[in-house]
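Below is one structure, written out as structure tokens; comments come after it.
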Amino acid sequence: MLKVVGASLEQTRLTQFLLLAVILIAIFAIFFYEASPPTMDGRYAATASWHEKTGYKLTFWGQNNDPANIKLSAARAYYTPLDKSTGWASMEIQTNEQYDDVVQATAAGMLEGSLSWQLIYFHWQNTVGTTCKKRANFCQAVKTILENNYNQVKQSAQRYKNENSFWYQVNLIYAQLEGLHEGWKTGKERSLGKMIHELTFTDFLWMNHVDDVRDIEMMLDITSNRTTSTNLLKPPTDLAVLKYLPTSDSQFLIAHQRSGSYTEMLRLMKRYTFGYHDMPGKTSNLVPGQQISFTSYPGAVLSQDDFYQIKGMSRLQIVSSRIRVHNPKTWGHLHDLTVFSGARAMVANRLSMNAGVWASFFSKYNSGTGNKAWLVMDHRAPDPNLWLVEQVPAFTNKTDITESWKQQGYWISCGIPDSEKALRLSGLTDSTSGKRDMEYMTSIKQILENGIFDVTNTDSMHALVASPSLVTKVRGDIVGNGNAATNFANPSSTTPSSSTDKVGIFRKQPLQGKFLEKTQKVVAATQDSETPAFNGVIDTKLAFDTSDFKAVAGPLYTLNEATIAPFQWSKASPPKGTFHIGQPDVWDFEPVHPKFVW
Numbered sequence: 000m001l002k003v004v005g006a007s008l009e010q011t012r013l014t015q016f017l018l019l020a021v022i023l024i025a026i027f028a029i030f031f032y033e034a035s036p037p038t039m040d041g042r043y044a045a046t047a048s049w050h051e052k053t054g055y056k057l058t059f060w061g062q063n064n065d066p067a068n069i070k071l072s073a074a075r076a077y078y079t080p081l082d083k084s085t086g087w088a089s090m091e092i093q094t095n096e097q098y099d100d101v102v103q104a105t106a107a108g109m110l111e112g113s114l115s116w117q118l119i120y121f122h123w124q125n126t127v128g129t130t131c132k133k134r135a136n137f138c139q140a141v142k143t144i145l146e147n148n149y150n151q152v153k154q155s156a157q158r159y160k161n162e163n164s165f166w167y168q169v170n171l172i173y174a175q176l177e178g179l180h181e182g183w184k185t186g187k188e189r190s191l192g193k194m195i196h197e198l199t200f201t202d203f204l205w206m207n208h209v210d211d212v213r214d215i216e217m218m219l220d221i222t223s224n225r226t227t228s229t230n231l232l233k234p235p236t237d238l239a240v241l242k243y244l245p246t247s248d249s250q251f252l253i254a255h256q257r258s259g260s261y262t263e264m265l266r267l268m269k270r271y272t273f274g275y276h277d278m279p280g281k282t283s284n285l286v287p288g289q290q291i292s293f294t295s296y297p298g299a300v301l302s303q304d305d306f307y308q309i310k311g312m313s314r315l316q317i318v319s320s321r322i323r324v325h326n327p328k329t330w331g332h333l334h335d336l337t338v339f340s341g342a343r344a345m346v347a348n349r350l351s352m353n354a355g356v357w358a359s360f361f362s363k364y365n366s367g368t369g370n371k372a373w374l375v376m377d378h379r380a381p382d383p384n385l386w387l388v389e390q391v392p393a394f395t396n397k398t399d400i401t402e403s404w405k406q407q408g409y410w411i412s413c414g415i416p417d418s419e420k421a422l423r424l425s426g427l428t429d430s431t432s433g434k435r436d437m438e439y440m441t442s443i444k445q446i447l448e449n450g451i452f453d454v455t456n457t458d459s460m461h462a463l464v465a466s467p468s469l470v471t472k473v474r475g476d477i478v479g480n481g482n483a484a485t486n487f488a489n490p491s492s493t494t495p496s497s498s499t500d501k502v503g504i505f506r507k508q509p510l511q512g513k514f515l516e517k518t519q520k521v522v523a524a525t526q527d528s529e530t531p532a533f534n535g536v537i538d539t540k541l542a543f544d545t546s547d548f549k550a551v552a553g554p555l556y557t558l559n560e561a562t563i564a565p566f567q568w569s570k571a572s573p574p575k576g577t578f579h580i581g582q583p584d585v586w587d588f589e590p591v592h593p594k595f596v597w
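Residue numbers (numbering that gives the first Met the number 0): 0 to 597.
Below, the structure written as structure tokens:
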């Protein structure tokens with residue numbers, strides 16, 4: 000470079016330095032302008048560590064991680080928020096068997112709560128929060144029951160955990176739930192501080208015991224002189240279809256559909272791989288059900304769908320369908336201070352080597368709530384076997400139905416008990432409301448039976464459970480609530496108070512006099528209503544093995560969308576105060592496999 004005439008050496012060097020700086024800046028500008036920002040994979044990883052002196056510590060790794068490189072420590076998690084292209088979020092958690100089981104449980108809960116805190120809050124707003132705004136008295140009654148139940152069950156678990164494997168596992172479920180609440184508070188504080196409503200532990204109890212609350216709601220709606228219950232009008236449309244295919248590798252196909260409110264459609268696919276032991280101490284045996292894959296909801300450590308695939312020393316596939324109880328005499332057998340149904344199912348999942356043992360564990364401490372028919376497929380042996388477990392208040396039927404299933408070629412469960420005693424106790428054959436539900440469920444079963452022998456693979460099974468004749472029966476926004484009950488009590492019946500009632504909630508009285516007449520008129524007036532009801536089947540799961548499944552999020556629509564279109568919130572007219580925060584607008588999803596990594 001030529002030296003400028005009259006310029007000093009220092010000025011020349013400064014000019015050279017500035018020119019070089021400009022060139023470097025230009026190069027960097029060109030490079031960063033042309034280079035694309037790194038693509039985020041949308042999957043978040045975190046680790047929970049624990050030390051006896053310092054307690055728990057959560058480390059968040061953000062996105063774009065290699066799952067194999069995420070340190071395990073006490074527990075690790077991999078989370079995908081709601082994918083608007085599939086309708087599902089995903090949560091996978093793995094714990095370390097070298098840590099105390101309570102540490103594993105608490106760490107697992109903290110990771111899930113902190114990563115999915117926003118989805119939990121949206122789900123609470125759509126469901127529990129809305130319910131408590133509209134029905135304050137009912138809300139307080141339910142919360143009182145849930146709190147009393149938690150205190151009693153937790154006390155029993157602490158008392159018996161060192162001598163009884165059932166209670167030991169119950170204690171771990173509540174340790175995980177307590178960790179979930181703490182983790183939610185951590186996630187909220189990391190993101191928004193105090194800008195949103197604080198959820199209480201009782202809110203989390205509610206989100207984990209939804210099916211039990213449903214049965215409590217039915218009872219409270221009558222005994223508290225309510226005549227405008229949404230529960231009375233909800234059709235019992237849970238479906239489970241098992242096809243026997245002896246020439247296939249797995250020898251079976253399963254379709255399972257969950258019914259519920261459309262406000263409950265924020266969903267997750269989950270996998271828990273926990274290093275739990277059957278009793279306290281690292282030298283105790285690991286539980287048979289070490290890996291549990293299931294569909295679930297935000298804020299819940301249980302499925303609530305009751306769709307489980309279990310691996311480890313056991314290989315079980317479990318599905319359920321709700322049994323709707325119309326017999327008010329059974330309300331005296333609702334026990335609000337024992338273990339609710341979802342927790343009993345999870346205990347059975349972890350402790351059972353086979354279907355028969357699962358049935359025995361689940362049958363302990365029947366709460367009379369969350370009444371369902373459970374189908375438990377044991378696939379350890381080359382030849383699968385199938386058990387049926389039916390629970391109604393004060394009675395549980397446990398039956399090996401393998402031969403019946405194989406001889407018939409299928410088993411369909413849609414709310415009609417197989418056991419004569421369970422059917423009688425349910426009131427489905429006696430009361431007007433029960434008979435109406437029976438007629439409805441029988442018509443659904445006939446549709447499935449008419450097409451079941453055409454099922455040979457998951458595609459044909461999906462076509463059966465999404466057939467136009469079935470969709471029109473289980474889409475509440477299409478058919479309205481034509482399955483409403485007309486009578487929920489015998490005026491002359493008497494029902495004793497529950498001996499476990501501590502708050503006066505479970506003192507049940509039959510409908511009588513003018514109130515009975517009023518209830519009949521109000522509900523009868525809705526029977527033939529064409530007003531859309533925003534409830535019905537809200538998902539479909541298809542399983543062809545105990546280690547894999549496909550799931551479809553949202554209400555049913557026909558595979559030919561021109562026949563019955565997917566549900567769309569923006570084209571619907573839900574009742575005022577119906578929330579669907581965080582949900583997709585159009586529910587036109589296809590079956591997807593979970594993308595688990597561990």
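Just so it is clear, CB atoms sit at the ideal spot from N, CA and C, and this is done for glycine as well.
CA-to-CA distance, residue j to residue i, given in whole angstroms
| i | j | result |
| --- | --- | --- |
| K513 | K153 | Per-residue confidence for K513 stands at a pLDDT of 41, beneath the threshold of 50, marking its modelled position as unreliable; the derived number appears in the next sentence. Each residue's Cα considered, the two are about 42 angstroms apart. |
| A67 | Q93 | 12 angstroms |
| G331 | D211 | 15 angstroms |
| M217 | T368 | 10 angstroms |
| D584 | T431 | 38 angstroms |
| D544 | V318 | 13 angstroms |
| G475 | F533 | 6 angstroms |
| D500 | L285 | Since pLDDT at D500 reaches only 33, below the 50 mark, its modelled position is unreliable, and no value is offered. |
| N489 | K56 | Residue placement at N489 is poorly supported in this model, since its pLDDT is 30, which falls under 50; the coordinates are not used for a value here. |
| R189 | S115 | 12 angstroms |
| K434 | F588 | 35 angstroms |
| D417 | T395 | 12 angstroms |
| L110 | S569 | 34 angstroms |
| V662 | D547 | Residue 662 lies beyond the range of the chain shown here (0 to 597); nothing can be said about it. |
| L447 | H461 | 11 angstroms |
| T539 | A135 | 33 angstroms |
| A73 | L118 | 24 angstroms |
In DSSP terms, what residue i is bridged to
| i | result |
| --- | --- |
| H255 | A239 and K540 |
| D547 | D544 |
| R676 | This structure gives no information on residue 676, because the portion of the chain shown stretches from 0 to 597. |
| N384 | D377 |
| M268 | S89 and T294 |
| Y43 | Y78 |
| T567 | The amino acid occupying residue 567 in the given sequence is Gln; Thr does not appear at that position. DSSP output for Q567 lists V585 as bridge partner(s). |
| R343 | DSSP lists no partner for R343. |
Residue i classed as buried or exposed, judged by whether at least 16 other C-beta atoms fall within 10 angstroms
| i | result |
| --- | --- |
| S466 | buried |
| R609 | An answer regarding residue 609 cannot be provided, because it is not within the stretch 0 to 597 covered by the chain. |
| I22 | exposed |
| K187 | buried |
| G581 | buried |
| S403 | exposed |
| T562 | exposed |
| L555 | buried |
| K397 | buried |
| I195 | exposed |
| H50 | exposed |
| E263 | buried |
| G503 | Low confidence applies to G503: its pLDDT is 34, below 50, so where it sits in the model is not reliable enough to give any reading. |
| E612 | Here the chain has residues from 0 to 597 only, and residue 612 is not among them. |
| K420 | exposed |
| E389 | buried |
| L191 | exposed |
| N486 | Any reading at N486 needs caution, since the residue's pLDDT is 27, under 50, leaving its predicted position unreliable; the model's value is listed next. The residue in question, N486, is buried, as its Cβ has 16 or more Cβ neighbours within 10 Å. |
| P574 | exposed |
| D453 | exposed |
For residue j and residue i, believed in contact at Cβ under 8 angstroms, the rounded distance
| i | j | result |
| --- | --- | --- |
| A354 | W386 | 4 angstroms |
| V473 | V536 | 4 angstroms |
| L315 | S351 | 7 angstroms |
| V346 | Q139 | Between Q139 and V346 the Cβ distance is about 29 angstroms, and since that is not below 8 angstroms, they are no contact. |
| G108 | G178 | 3 angstroms |
Cβ-heavy atom distance, residue i to the ligand NAP, below 7 angstroms
| i | result |
| --- | --- |
| N64 | This structure lacks the ligand NAP, and indeed carries no ligand of any kind. |
Range covered by the alpha helix (DSSP H) that runs through residue i
| i | result |
| --- | --- |
| R189 | S164 to S190 |
| N449 | T431 to G450 |
| F203 | F200 to N207 |
| L422 | E419 to S425 |
| D458 | T457 to V464 |
Residue range of the beta strand (DSSP E) that includes residue i
| i | result |
| --- | --- |
| F137 | F137 -> not in any beta strand (DSSP E); alpha helix (DSSP H) instead, spanning A135 to Y159. |
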